[in-house]
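Comments concern the structure below.
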Amino acid sequence: MEAEVTSLECVVLPPCSADAGRQVSRLSSKAMKHFHLCSGQCIFVSTPANKALCQVHQIKHSGGMAVPPHLQYCSDVVLKMAVQSKNPNSSADSQQHRLTLQPIPCEDSEIVTVKLVVNDGGKYVGWEENDGLKAELAQKCVRCLKNLCVTSECTVDLSHSRLAKAYGICHCVVVSCVQDGEAIDSSKAVKITERTVAQIAGIQSLDFYSILQEPCSEKLRVLGGVQEECSLLADLLLMPQIHKQAYKSFGLPRSSGVLLHGPPGCGKTSLVRQVAHKCGAVVVTINGPELISSDPGESEANLKAVIDRAVKLSQEGPCILFIDEVDAICQRRKQSESKHNARFTSAVLSGLDGIPKECGLLVVAATNRPSALDPAVRQPGRLDQEVLISVPSHSQRREILDVHLAGVPLAPEIDLDWLAGATGGHVGADLAKVCAEATRRAVSASMGSSLQSEWKVTLADFEASLHLVHPSLRQGADCVVDVQPVRWEDIGGLDQVKKKIRQAVEWPLLYPDAYQRMGLPLARGVLLYGPPGCGKTRLVRAAASAIHVTFLSLSCAQVYSPFVGDSEQKVVEAFQKARALAPSILFLDEIDAIVGKRSEASSGHSVQERVLSTLLNEMDGVGTRLDEKTSSKEISEKELEGNPSVCQPHLNKKVATKEVRDRSHVLVVAATNRLDMVDDALLRPGRMDHLIYVPPPDRKARQKILEVHSQQMRMVGVDMSQIAADTEGYSGADLENICREAALCALTESLDADFIGPAHFQHALDTVKPSLNMNETW
1 MEAEVTSLEC
11 VVLPPCSADA
21 GRQVSRLSSK
31 AMKHFHLCSG
41 QCIFVSTPAN
51 KALCQVHQIK
61 HSGGMAVPPH
71 LQYCSDVVLK
81 MAVQSKNPNS
91 SADSQQHRLT
101 LQPIPCEDSE
111 IVTVKLVVND
121 GGKYVGWEEN
131 DGLKAELAQK
141 CVRCLKNLCV
151 TSECTVDLSH
161 SRLAKAYGIC
171 HCVVVSCVQD
181 GEAIDSSKAV
191 KITERTVAQI
201 AGIQSLDFYS
211 ILQEPCSEKL
221 RVLGGVQEEC
231 SLLADLLLMP
241 QIHKQAYKSF
251 GLPRSSGVLL
261 HGPPGCGKTS
271 LVRQVAHKCG
281 AVVVTINGPE
291 LISSDPGESE
301 ANLKAVIDRA
311 VKLSQEGPCI
321 LFIDEVDAIC
331 QRRKQSESKH
341 NARFTSAVLS
351 GLDGIPKECG
361 LLVVAATNRP
371 SALDPAVRQP
381 GRLDQEVLIS
391 VPSHSQRREI
401 LDVHLAGVPL
411 APEIDLDWLA
421 GATGGHVGAD
431 LAKVCAEATR
441 RAVSASMGSS
451 LQSEWKVTLA
461 DFEASLHLVH
471 PSLRQGADCV
481 VDVQPVRWED
491 IGGLDQVKKK
501 IRQAVEWPLL
511 YPDAYQRMGL
521 PLARGVLLYG
531 PPGCGKTRLV
541 RAAASAIHVT
551 FLSLSCAQVY
561 SPFVGDSEQK
571 VVEAFQKARA
581 LAPSILFLDE
591 IDAIVGKRSE
601 ASSGHSVQER
611 VLSTLLNEMD
621 GVGTRLDEKT
631 SSKEISEKEL
641 EGNPSVCQPH
651 LNKKVATKEV
661 RDRSHVLVVA
671 ATNRLDMVDD
681 ALLRPGRMDH
691 LIYVPPPDRK
701 ARQKILEVHS
711 QQMRMVGVDM
721 SQIAADTEGY
731 SGADLENICR
741 EAALCALTES
751 LDADFIGPAH
761 FQHALDTVKP
771 SLNMNETW
């Protein structure tokens with residue numbers, strides 16, 4: 001029969017020093033009589049901070065207070081349930097708390113299995129094979145636990161035991177208890193006596209144990225979108241521990257090094273924490289600022305101390321040495337202006353080389369600037385394995401949103417698939433911020449409502465949050481621009497051109513399954529050419545607005561620089577940013593001015609030719625660095641069939657990365673009015689797959705353009721068809737200027753004018769001259 005659970009209001013008094021370490025909680029005599037408790041009886045005491053197993057005794061003094069009942073509860077009570085809060089501190093002052101008391105049966109224990117937490121774990125290396133040491137530790141354990149009541153899955157704090165201090169034992173974690181030949185669960189207790197047999201299940205140092213007890217955020221326990229990377233790190237960490245004999249027989253190194261790299265906020269640090277929590281491993285973190293010192297040699301000494309600590313902990317169990325922002329402490333030595341930085345880089349390399357290969361330590365370094373690392377750190381035997389974490393794909397964003405919105409009340413109209421699609425280019429940190437901002441707005445909106453408990457996050461909250469939270473990768477990027485929304489209806493005429501552009505730009509992104517079903521490769525480039533002012537740039541902006549992708553624009557003024565190599569670097573950075581934010585459109589306006597055309601008389605050393613070469617390489621994928629991963633990691637089963645290197649990405653990371661890169665969609669759209677000045681190598685299929693001619697508007701198109709630009713104007717007696725007939729040789733920009741000039745003419749006559757007449761348009765036609773020569777060939 002289950003013991004009765006009692007909840008009562010108690011005044012918690014300061015503990016008596018004589019009770020420290022004795023597992024004693026004292027109640028007033030009235031309370032003990034009222035709840036039928038006997039002196040020495042075992043009870044569970046649940047406080048707001050923890051849950052403890054105590055032996056109840058009558059309080060020695062009550063300070064003259066009668067009600068409510070008093071509990072003299074030791075804040076350092078020796079037994080704490082492992083599943084409860086790790087904060088054992090209760091108030092030292094007399095404060096009123098609601099406590100739960102539950103009497104439980106307690107009998108003498110036959111066998112107890114424990115894990116010991118000791119001050120110095122190095123003294124007990126190899127204890128499993130030393131029967132004499134195991135027997136000695138078992139006897140010491142029984143002596144320290146004598147007369148204490150324990151239960152399964154509890155932790156005994158022996159910090160107040162003088163005998164335990166003499167033995168070097170800090171804590172005792174009870175794994176299981178056996179009574180009358182049967183194991184008991186955590187709802188029953190047993191008492192340790194001289195006849196109890198202790199079995200040692202494991203030994204941990206206090207350092208190892210303390211790190212494991214650090215609280216882990218719930219969101220770090222379930223991390224969305226990085227299952228593949230998590231499995232890889234877990235295998236590298238646990239395989240040497242599980243197959244020790246096999247590694248020893250074949251001479252395989254048990255220690256390994258991994259370099260995590262990707263854009264900021266993609267979850268590199270969180271991934272390491274999740275792997276450690278999943279595998280029960282400890283994490284020793286190296287933070288550059290904490291190691292750097294102005295005193296000569298002190299920085300190197302600090303680094304050596306941290307590595308030695310990690311090596312020592314790895315002898316007890318799985319251990320990860322995590323070097324965050326490794327580029328800050330391991331810079332390229334040739335480019336480093338400081339001798340101290342070069343010396344510290346050498347110290348890091350020496351420290352990695354000095355890690356014993358048989359200790360099983362996993363070294364994980366994280367950076368968002370892999371190109372800034374010294375190449376020596378990526379050599380075999382150091383950080384020889386690389387894990388790429390990039391901007392999450394649509395499915396990964398959905399997983400991340402599921403994690404961050406777990407437990408958040410959502411309105412019925414919320415579609416997480418839509419939200420995942422609307423957050424292209426957002427990394428994990430950005431998505432967390434989007435969810436937090438939307439939740440904050442929902443809570444703020446419900447503050448004045450009488451139904452605060454029924455608040456829900458609505459679609460409007462997420463839309464407002466998306467306007468405030470932009471992808472962090474866009475920050476500091478000169479080529480990323482906000483597209484002014486342009487509708488296809490805002491562009492008059494050019495129906496056939498619009499159709500071709502939608503086929504080339506929109507269809508691959510809106511209907512990828514159809515392209516894959518037909519075996520149709522995605523277009524890499526589209527070139528719009530035609531006379532100036534005919535709407536090439538506006539057409540591109542309309543396409544980008546329709547499909548809601550990241551829009552990057554690169555102009556001649558942004559590319560060229562007086563510094564050698566700077567122009568080529570800007571082209572490379574633009575493509576890298578486009579890949580990171582894919583799906584994206586990279587727009588090269590006036591491409592003839594950016595790259596030009598090579599000639600037989602050219603020397604091959606001009607800036608334009610170097611920029612052209614860089615552009616061709618980037619479009620072909622040759623110039624893509626392996627440390628730049630694309631946005632999508634989804635590889636279809638059809639692509640994986642017959643390709644073992646892709647089916648096992650852990651075994652051949654470079655091949656898998658290439659497959660991923662081919663599936664990213666960065667569409668290069670260029671515009672020019674001088675097709676003859678564009679190099680032929682750029683125009684071939686595979687680079688510019690679609691060459692679309694944007695012609696001057698004919699009469700019908702001119703009338704539509706005039707109607708679009710004059711739809712907000714009040715006109716009286718104006719015949720647009722006649723104006724369209726009179727504007728032969730006018731471009732779309734000229735026609736827009738005619739409408740604007742006619743409106744200004746009306747205001748010039750009178751600021752009170754409220755309509756535009758035929759005379760105003762005639763004046764505009766006399767003022768605005770056609771910019772096109774219809775006899776010229778484009």
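Take the sequence shown: its letter number 743 is residue 743 in the UniProt record's numbering, and every next letter is one higher.
All C-beta atoms in this analysis are idealised placements derived from N, C-alpha and C, irrespective of residue type, glycine included.
Remember, predicted model here, so these are calculated numbers, not experimental data.
Answer yes or no: do residue i and residue j have a C-beta to C-beta separation smaller than 9 Å?
i, j, result
"Val190", "Val125", "no"
"Ile211", "Val284", "yes"
"Glu372", "Leu383", "The sequence shown places Ala at residue 372, rather than the Glu named in the question. No, the Cβ-Cβ distance between Ala372 and Leu383 is not below 9 Å."
"Leu706", "Met688", "no"
"Asp734", "Val768", "yes"
"Ile323", "Phe344", "no"
"His426", "Val403", "no"
"Gly360", "Arg254", "yes"
"Val457", "Val408", "yes"
"Val571", "Glu618", "yes"
"Asp415", "Thr439", "no"
"Leu291", "Val306", "yes"
"Leu682", "Tyr529", "no"
"Glu437", "Ser446", "no"
"His394", "Gly424", "yes"
"Ser17", "Val56", "no"
Assuming residue i and residue j form a contact by the criterion Cβ under 8 Å, report the distance between their Cβ atoms to the nearest whole angstrom.
i, j, result
"Lys188", "Ile104", "6 Å"
"Leu237", "Leu362", "5 Å"
"Leu401", "Leu473", "With 8 Å as the limit, Leu401 and Leu473 do not qualify as a contact, their Cβ atoms being about 18 Å apart."
"Val175", "Ala234", "The Cβ separation is near 24 Å, so there is no contact."
"Leu615", "Ala523", "That pair is no contact at about 16 Å."
"residue 779", "His763", "Nothing in the structure corresponds to residue 779, since the chain is present only between 1 and 778."
"Gln576", "Val595", "Actually they are not in contact, since the Cβ atoms of Gln576 and Val595 sit about 18 Å apart, beyond 8 Å."
"Leu494", "Ala701", "6 Å"
"Gln144", "Ser161", "Checking the sequence shown, residue 144 turns out to be Cys, not Gln. The pair is a contact, with the Cβ atoms about 6 Å apart (cut-off 8 Å)."
Would you mind sorting residue i into buried or exposed? The rule is 16 or more other CB atoms within 10 Å of its CB.
i, result
"Cys38", "exposed"
"residue 779", "No statement about residue 779 is possible, as the shown extent of the chain runs from 1 to 778 and does not include it."
"Phe755", "exposed"
"Pro485", "exposed"
"Asp592", "buried"
"Lys140", "buried"
"His467", "exposed"
"Glu229", "buried"
"Lys704", "buried"
"Met32", "buried"
"Asp19", "buried"
"Thr748", "exposed"
"Ile200", "buried"
"residue 793", "Outside the modelled stretch of the chain, which goes from 1 to 778, sits residue 793, for which no answer is possible."
"Val326", "buried"
"Glu413", "exposed"
"Glu489", "exposed"
With a cut-off of 9 Å, does the C-beta of residue i fall near any C-beta of chain D?
i, result
"Gly267", "Included in the structure is just one protein chain, with no chain D present."
Contact between the region 696–715 and the region 545–556: three or more CB pairs below 8 Å?
no
In the UniProt domain "AAA+ ATPase" (254–393), which residue ranges form an unbroken beta strand (DSSP E) of at least 3 residues, counting only runs that do not cross its ends?
256–261, 282–287, 319–324, 361–367, 385–388
Could you name each continuous alpha helix (DSSP H) segment of 4 residues or more that falls completely within the region 174–227, going from the start of the chain to the end?
206–212, 218–221
Extract the residue ranges of the beta strand (DSSP E) inside the region 96–170, only unbroken runs of 3 or more that lie entirely within it.
106–108, 111–118, 154–157
So within the region 429–470, which uninterrupted alpha helix (DSSP H) runs reach at least 4 residues, ignoring any that extend past its ends?
459–468
Check whether the region 491–510 and the region 558–574 touch, using three or more Cβ-Cβ pairs below 8 Å as the test.
no
Mind the definition here: the region 514–533 touches the region 731–745 only if three or more C-beta pairs lie below 8 Å; say whether that holds.
yes
At least three beta-carbon pairs within less than 8 Å, the region 116–125 to the region 190–210
yes
Which runs of the alpha helix (DSSP H) fall wholly inside the region 491–579 and span at least 4 residues, in chain order?
495–501, 507–510, 512–517, 536–547, 556–559
At least three beta-carbon pairs within less than 8 Å, the region 193–200 to the region 151–170:
no
Kindly provide the ranges of any alpha helix (DSSP H) runs that are 4 or more residues long and lie completely inside the region 666–705, ordered along the chain.
680–683
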